[in-house]
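Enquirer: The following block contains the structure, expressed as structure tokens.
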Amino acid sequence: CLKRQTLGNGTLYFPPFRAEDYRADVHSTVYRCKASNLGGAILSRDVKVRAVLLKFKYVIHVADIMHWTADWDPCLSKLNTETD
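Just so we're aligned, residue 1 is where the sequence shown starts under the numbering used here, counting upward by one.
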């Protein structure tokens, strides 16, 4: 499971993650960027990163059901979803 990665252009990328994969040392911490060349190096100011965990509760209502039997047995349903 990737926690973070540095892209080729130097961007620090945080891929989506599940709530149970949250790590404070990765998702709620301070980062600094460093640029360097033959002339020296420079550090950025502190960048505070804090992940936001969103939890949705889905309520699913089955509105219509179509079912038939042939060589294969599909079941089609129209689902309506709501989030709290």
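Glycine included, each C-beta is placed from N, C-alpha and C at the ideal position.
(1) Can you give the Cα-Cα distance for GLY12 and PHE56, rounded to whole angstroms?
(2) The beta strand (DSSP E) spanning ALA35 covers which residue range?
(3) Less than 6 Å between C-beta atoms, sequence neighbours within five positions excluded: which residues of the same chain meet that for HIS27?
(4) Please confirm if THR6 has its CB atom under 7 Å from at least one CB of chain B.
(5) To the nearest angstrom, how far is it from the Cα of ALA19 to the Cα of ARG4?
(6) Please state the DSSP three-state secondary structure of VAL26.
(7) What residue from THR6, ARG32, ASN37, ALA41 has the CA that sits closest to VAL47's CA?
Expert: Judging by the given coordinates:
(1) Within the sequence shown, residue 12 is the residue found at index 12, counting from 1. Within the sequence shown, residue 56 is the residue found at index 56, counting from 1. The sequence given here has Leu at residue 12, not Gly. So the alpha carbons of these two residues sit roughly 27 Å apart.
(2) Within the sequence shown, residue 35 is the residue found at index 35, counting from 1. Element bounds for ALA35: 34 to 37.
(3) To locate residue 27, count along the sequence shown from 1; it is residue 27. Around HIS27: ALA51.
(4) In the displayed structure, chain B is absent; only one protein chain is listed.
(5) Your numbering for residue 19 matches position 19 in the sequence shown. Your numbering for residue 4 matches position 4 in the sequence shown. For ALA19 and ARG4, the distance between alpha carbons rounds to 15 Å.
(6) Walking along the sequence shown from the start, residue 26 turns up at place 26. In the structure shown, VAL26 sits in a helix (DSSP, three-state: H, G or I).
(7) Sequence index remark: in the sequence shown, residue 47 carries index 47 (1-based). When only C-alpha atoms are compared, the closest one is ARG32.
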